[in-house]
Amino acid sequence: MLNEKVTILLNTQVNKEFYSAYLYLSFSSFYESKGLSGFAHWYNVQAQEERDHAMLFYQYLHNNNASVQLEAIDKPSVKTETLLDVLKAGLEHEIYVTGLINTIYAAAHDVHDFRTTQFLDWFIKEQGEEEKNAQDLITKMSLFGSDPKSLYMLDAELKSRIYNPPSLVL
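Shown next as structure tokens:
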């Protein structure tokens with residue numbers, strides 16, 4: 545049986561992961577409206593990743609005989625005025641999600657729920673990658689985004705991103 549506090553945190557994370565998908569879809573829409581289909585594609589892939597993350601938490605709860613409580617998903621409210629603002633908001637959000645995962649891990653560790661900590665190990669590694677990817681995009685945009693030809697090339701690079709679903713064994 546999962547600890548009650550851990551179960552609540554895991555349920556909350558399902559919602560937060562779906563919110564992340566909504567947020568990244570809003571980013572995708574922003575870039576699409578600016579004619580940057582590569583950036584839009586990159587964030588569509590991000591949204592798919594977040595939906596899959598939500599489903600991993602959902603399935604983990606079910607696999608551990610815990611009740612899943614689906615809540616309303618908040619509307620994204622991030623101000624996206626410039627191309628760089630969106631990327632910075634993405635990094636801030638990934639740092640926030642890392643904090644959420646760390647909180648669940650700490651709660652599970654405190655009650656000696658090592659199965660949950662082992663489950664979360666993958667997400668901790670994933671968050672490190674997510675933060676690095678977000679920072680790399682900011683760096684590239686800062687270096688090349690003001691030059692139209694370079695922005696075109698960066699957009700083309702981002703369009704080539706392929707989604708690889710997680711192969712996490714629950």
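Heads up: the sequence shown begins at 545 in this note's numbering, then just goes up one per residue.
Even for Gly, the Cβ is constructed at its ideal location relative to N, Cα and C.
Fair warning: this is a prediction, and the values are worked out from it, not measured in the lab.
For the pair residue 572 and residue 588, the CB atoms are nearer than the 8 Å cut-off. Using a Cβ-Cβ distance cut-off of 8 Å, the region 584-598 and the region 610-622 are not in contact, since fewer than three pairs of beta carbons, one from each stretch, lie closer than that value. Annotation for residue 567: 620, 622 and 637 place their beta carbon closer than 7 Å to its own, counting only its chain and skipping 5 residues before and after.
Residue 668 counts as exposed, since fewer than 16 other C-beta atoms from the protein chains shown sit within 10 angstroms of its C-beta. The criterion of a C-beta distance shorter than 8 Å is not satisfied by residue 559 and residue 625. Annotation: residue 694 to residue 688 spans about 5 Å, alpha carbon to alpha carbon. Using a Cβ distance threshold of 8 Å, residue 555 and residue 657 do not count as a contacting pair. Residue 652 is a Cβ neighbour of residue 661, given a cutoff of 8 Å. Judged by DSSP secondary structure, residue 629 falls within the alpha helix (DSSP H) whose first and last residues are 627-654. Within its own chain, the residues whose Cβ lies closer than 7 Å to the Cβ of residue 586, once the five positions on either side in sequence are excluded, are 702 and 705, listed in chain order.
Rounded to whole angstroms, the separation of the alpha carbons of residue 569 and residue 550 is 29 Å.
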